[in-house]
Each structure stands twice: as C-alpha cells, then as structure tokens.
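Those letters in the sequence shown? Residues 595 to 850, per our numbering, in order.
Glycine residues also receive a C-beta, built at the ideal position from the N, C-alpha and C atoms.
Reviewing the structure listed below.
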Amino acid sequence: MPSALLRLRSDEQLVAIFRQGSDDAFNVIHDRYRARLFAYTRQMLGGSRSDAEDALQDVFLRAYNALRVDDRPVALKAWLYRVAHNRCIDHLRRPVPPNEAIFEVSRPPMPDPLAEAERRDDLRRLVADVQNLPEQQRSALLMRELEGLSYADLADALDVTVPAVKSLLVRARIGLVEAAEARDTSCCEIRDDLSLSFGKGVRASAKARKHMKECDGCRDYRAGLKGLSSGIGALVPASPSPFGLLAKLLGLGGGA
Ligand SMILES: [Zn+2]
C-alpha cells in the first residue's frame with residue numbers, strides 16, 4: 595500500500611497492517627509520533643537533544659519489536675508514551691557517562707515543537723520549572739499538556755491508577771505555581787528571609803530555596819552568610835552559640 599494512503603489510516607489500522615508484515619505502516623507510525631515523542635523525551639531528559647534522540651531511537655526499536663511479536667490489541671498512543679516514559683526513567687536512573695556534550699554538536703537537527711517556545715523568556719522559565727519537577731509528575735504533565743492524553747491513557751502509560759494520575763497532575767501544577775511565585779518574589783524579600791532564617795540557625799524557607807534555584811545573586815548572598823559564619827566560627831571556637839553571636843554581630847535575628 596502506498597505511504598500516502600497509509601497516512602490516512604488510524605493508529606489501530608496501522609498496527610494491524612504492520613503486524614501483517616508492512617514496514618511502511620511502521621514508518622507512518624514513526625512519522626506520526628516522532629516529533630511529539632521527541633519533545634516529550636527531551637523535556638523528560640533535561641533538555642538534551644542527543645539524549646532525547648538516543649532515547650527516541652530505542653523507543654521505536656522497542657516498539658517495532660514488541661508490536662511484531664505480540665498480537666494483543668494496543669492503544670498505540672498511550673502505549674508509545676509508556677515505552678518512552680520507561681526509557682526515560684531508565685536513563686535518568688543510570689550514572690551519567692562523561693564527555694557526553696562533545697557529541698552534542700555533530701548531530702543533525704530534529705524538528706522540535708518546543709524549540710521555538712524556548713526562545714521566549716517566560717516560556718523558557720516554565721520549561722526549566724517543568725524539568726525541576728519530580729519524574730512522575732513531570733511525565734504526567736508533559737503527556738497531558740503536550741499530547742492531551744486522557745486520564746485513562748495516562749494511567750496506562752504510567753502504570754498507575756486514575757486517581758494517582760489526577761494527584762500527580764495536581765501536585766505538578768502546584769509545583770509550577772510555587773516555582774513561579776518563588777521566582778517572582780523580589781530578591782530583597784528573599785534575602786531578608788535568608789538572613790532571618792540564618793540568624794535563627796534554621797533552614798531557609800521552601801520559597802527561598804526555590805528562588806535560589808533560579809537566582810545566582812541570592813545563592814551567592816546565602817553562600818556569603820555561610821562563609822561569614824564559618825570564618826567567625828573559626829575565630830571564636832569557644833563561643834557557646836556561634837549562630838547567636840553572629841546574628842548579634844550582623845544585627846539580625848529578631849531582637850536577639
Ligand atoms: Zn534573588
């Protein structure tokens with residue numbers, strides 16, 4: 595059957611034709627999902643094109659073999675995302691090989707629906723926030739937002755229940771809102787917050803920690819506070835409470 599006609603076929607029909615021995619049908623499946631799965635794997639794998647391309651190659655290889663040897667009915671889209679999700683998780687949990695970046699430049703470019711979006715600042719930050727989400731939340735959100743997978747498809751792809759999918763999506767969206775809030779909080783406010791928690795000798799607030807992920811200036815500010823502390827600590831080893839002392843020296847720590 596000519597490819598032009600195959601392209602008109604549904605996923606279900608393509609799988610059936612492929613199982614009857616037509617590699618052209620698999621090529622059409624590949625063309626139909628390649629760019630979308632590339633966007634998904636790339637976002638899952640921290641933005642690296644070469645990792646995403648390697649992952650994608652594996653995904654289609656696994657799909658080719660699995661669809662051929664198995665003749666059970668399959669919801670192709672959700673199933674492909676499941677294969678891709680598992681491949682990404684495998685990748686994320688294995689040790690990082692050295693010098694990977696060397697190969698990054700020699701690859702031919704691949705169409706990427708998100709590449710254009712990443713040139714806009716606000717969207718780039720959103721993409722970065724998505725990449726900071728925990729794996730399962732990130733995967734669920736990307737499948738939902740990039741591909742519009744249904745809750746049932748998501749449950750299938752992630753091998754969890756529908757309520758678990760809903761909870762993953764809620765937590766992912768809360769995470770994004772919190773990340774944006776932390777970023778939009780002014781550096782002044784964050785530094786007051788850092789000084790205060792530092793003066794009290796407690797951990798920085800969640801908001802401040804999120805903000806520091808994005809803000810070099812505030813991260814340096816906190817490093818400065820810590821450096822000051824160990825410097826002074828070394829000078830006064832006998833001090834009963836170096837933090838309290840430091841707080842007094844700096845005029846911090848609510849009325850101490
Ligand atoms: Zn800041």
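Taking only three categories from DSSP, how would you classify residue 757?
In this structure, residue 757 counts as helix in the three-state DSSP scheme.
Should residue 682 be counted as a contact of ligand 1 given a C-beta to heavy atom distance under 7 Å?
Flag unset: Cβ of residue 682 not near ligand 1.
Answer yes if the stretch 640–651 comes into contact with the stretch 659–674, meaning at least three C-beta pairs across the two stretches below 8 Å, and no otherwise.
Judged by Cβ distances under 8 Å, the stretch 659–674 makes no contact with the stretch 640–651, as fewer than three pairs qualify.
Taking only the alpha-carbon atoms, compute the straight-line gap between residue 616 and residue 737 and give it to the nearest angstrom.
In a straight line, the C-alpha of residue 616 is about 28 Å away from that of residue 737.
May I ask you to report which of helix, strand or coil DSSP gives residue 837?
In this prediction, residue 837 has a pLDDT of 49, which is less than 50 and means its spatial position is unreliable; what the coordinates show is noted afterwards. Helix at residue 837.
Closer than 6 Å by C-beta to residue 745: which residues in its own chain qualify, once you throw out the five before and the five after it? Chain order, please.
Once the five neighbours on either side are set aside, the close Cβ partners of residue 745 are 756, 759.
Measure the Cβ-Cβ separation of residue 806 and residue 797 and say whether it is below 8 Å.
The answer is no: Cβ separation not under 8 Å.
At which residues does the alpha helix (DSSP H) containing residue 605 begin and terminate?
Its alpha helix (DSSP H) spans residues 605–613.
Are residue 776 and residue 794 close, meaning C-beta to C-beta below 8 Å?
Result no, Cβ atoms of residue 776 and residue 794 do not sit closer than 8 Å.
Please determine whether the Cβ atom of residue 811 lies at a distance below 7 Å from any heavy atom of ligand 1.
The answer is yes for residue 811.
Looking only at its chain, what residues have a beta carbon closer than 8 Å to the beta carbon of residue 779, apart from the 5 residues adjacent to it on each side?
For residue 779, where only same-chain residues beyond five positions count, the Cβ hits under 8 Å are 801, 805.
Apart from the five residues just before and just after residue 716, which ones in its own chain have a Cβ nearer than 7 Å to its Cβ?
Answer for residue 716: no residue qualifies.
Helix, strand or coil: which one does DSSP assign to residue 625?
Here residue 625 sits in helix by DSSP.
Thinking residue 751 and residue 763 are a contact (beta carbons under 8 Å), I'd like their distance in whole angstroms, please.
Not really, about 13 Å apart at Cβ, beyond 8 Å.
Do residue 720 and residue 634 have their C-beta atoms closer together than 8 Å?
No. Outside cutoff.
With 16 as the cutoff for other CB atoms within 10 Å, does residue 606 come out buried or exposed?
That one is exposed.
Are any of the Cβ atoms in chain B nearer than 8 Å to that of residue 608?
Absent here is chain B; the protein component of the structure consists of one chain.
By Cβ distance, which residues of its chain are closer than 8 Å to residue 686, with the 5 residues on each side in sequence left out?
Once the five neighbours on either side are set aside, the close Cβ partners of residue 686 are 638, 639, 729.
My guess is that residue 816 and residue 788 are in contact by the Cβ rule of under 8 Å, so how many angstroms apart are they, rounded?
Yes, they are in contact, since the Cβ atoms of residue 816 and residue 788 sit about 5 Å apart, within 8 Å.
Between residue 853 and the rest of its own chain, which residues show a CB-CB distance below 8 Å, the 5 nearest in sequence each way excluded?
With the chain covering only 595 through 850, there is no way to say anything about residue 853.
In or out: residue 748 buried (at least 16 other Cβ within 10 Å) or exposed?
It is buried - the Cβ of residue 748 has at least 16 other Cβ atoms within 10 Å.
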